[in-house]
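Encoded as structure tokens, the structure appears first; notes follow it.
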Amino acid sequence: MDILDNVKDVYALIKKLGNQELVEKMLDLKDQIFELREENRNLKEKLSEQESYDMYFEDNMYWDANKKDGPYCSKCWDDNKKAIHLHKYNGIYYCPVCNNNVSKEQHNTDTFVDSNIYIKI
Ligand SMILES: [Zn+2]
Numbered sequence: 006m007d008i009l010d011n012v013k014d015v016y017a018l019i020k021k022l023g024n025q026e027l028v029e030k031m032l033d034l035k036d037q038i039f040e041l042r043e044e045n046r047n048l049k050e051k052l053s054e055q056e057s058y059d060m061y062f063e064d065n066m067y068w069d070a071n072k073k074d075g076p077y078c079s080k081c082w083d084d085n086k087k088a089i090h091l092h093k094y095n096g097i098y099y100c101p102v103c104n105n106n107v108s109k110e111q112h113n114t115d116t117f118v119d120s121n122i123y124i125k126i
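Sequence positions in the sequence shown follow my numbering and run 6 to 126.
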């Protein structure tokens, strides 16, 4: 039995009692259940989207093995699991959301890349 079916049954029983305060509390409870169901649905959708990726970290960027796509911003993925494509400009990949940037050509030996800052070591 669905939770809303239970709510309807309980509401019908409470209504028979004729206690208006109890009826109003039940209606508040019904509204809260609707909100929780909506929040739960949104969280499931978000989780399902995140699980559709098979991210691996390489060259200071994320790549999706499932979709054979990338690169994605490591900061956005690590912080909140948002798959944001990096844009390439003059050999540097940058994130249009958080401005994180990565230089793929020099990453292994002489560069350190941090959010918003490109530093030569
Ligand atoms: Zn980002």
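Where is the CB? At the ideal position from N, CA and C, for every residue including glycine.
About 11 Å separates the beta carbon of N105 from that of I97, a gap too long to meet the 8 Å contact definition. Residue environment analysis places Y58 among the buried positions, since at least 16 neighbouring C-beta atoms fall within 10 angstroms of its C-beta. DSSP places V107 inside the beta strand (DSSP E), whose first and last residues are 106–108.
Of the residues E40, D64, K73, G75, the one whose Cα lies closest to the Cα of S108 is D64.
A direct Cα-Cα distance of roughly 15 Å separates N45 from Q55. M31 carries a helical assignment under DSSP once its states are collapsed to helix, strand and coil. Distances between the C-beta of N65 and the heavy atoms of ligand 1 are all 7 Å or more.
Residue environment for P76: buried (at least 16 other C-beta atoms within 10 angstroms of its C-beta).
Between the alpha carbons of L22 and C103 lies a distance of about 57 Å. The Cβ neighbour count for L91, taken over all protein chains shown within 10 Å, is at least 16; the residue is labelled buried. As computed with DSSP, W68 is found in a beta bridge with Y61. When rounded, the separation of the alpha-carbon atoms in M66 and N47 is 27 Å.
DSSP places D74 in the uninterrupted beta strand (DSSP E) bounded by 74–77.
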